[in-house]
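Numbering (my numbering), first residue to last: 126 to 335.
If you want it as structure tokens, here you go:
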């Protein structure tokens, strides 16, 4: 999978985590049905590996599916076996390096310029600014792009519709969106409301990148 190209093409990664594995699976499938092309299932959710396995079976082999919160070498091996196409990490460590060894492209969590340099040296395909809101929001992204104008940055954390527009306008390759998009759907809440939010976010991203 060419993760960098996929991020540049689709501009949005949905982050799914929840306490109800059945609801989490329904959430993944509803998002895919609404045209959200890049979906990450976080290992911090309950029985996340099973959700990834069943989502992979339901979506087929050609739909991109990511695994998030990949912290350890064991996590990387597990998500690879479950059928993930890419790994997402909150920082740099064994989860990232092992995922790369297994051939999984990595969206690696960074915060500082030093971490940007380290992540690229370790082979990260894209760089997740996390937590983006606490780091300084779109202003921090704009400042970070000064020394790194060509790096594929993906802000994650506290990204609502307005922030998504602002990050993309500031030069983000894509944005990662969790609870403002998913809401309580992955815990058993309404998938109808989820679908409405998915359409709204797709519109926001399309307008911001037109």
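Heads up, the beta-carbon is just placed ideally off N, CA and C, and yes, glycines get one too.
Check                                                                                                                                                                                               : Outcome
Throw me the rounded Cβ distance for the residue 169 and residue 194 pair, which I believe falls under 8 Å.                                                                                         : 5 Å
Starting from the C-beta of residue 145, find all residues in its chain whose C-beta is less than 6 Å away, skip the five residues before and the five after it, and write them out in chain order. : 312 and 313
Please report the straight-line C-alpha distance between residue 133 and residue 298, rounded to a whole angstrom.                                                                                  : 6 Å
Could you tell me which residues DSSP puts in a beta bridge with residue 150?                                                                                                                       : Answer is none; residue 150 lacks a bridge partner.
Go ahead and pull the three-state DSSP assignment for residue 234.                                                                                                                                  : strand
Just reading off the beta strand (DSSP E) that residue 167 is part of, what are its end residues?                                                                                                   : 163 to 167
Alpha carbon to alpha carbon, how far is residue 206 from residue 189? Give it in angstroms, no decimals.                                                                                           : 15 Å
Secondary structure at residue 339, three-state DSSP: helix, strand or coil?                                                                                                                        : No answer is possible for residue 339: it lies beyond the span of the chain, which begins at 126 and ends at 335.
My understanding is that residue 256 touches residue 282, with C-beta atoms under 8 Å, so please give their C-beta distance in whole angstroms.                                                     : 3 Å
Just verifying my parser: in three-state terms, what is the DSSP assignment at residue 139?                                                                                                         : strand
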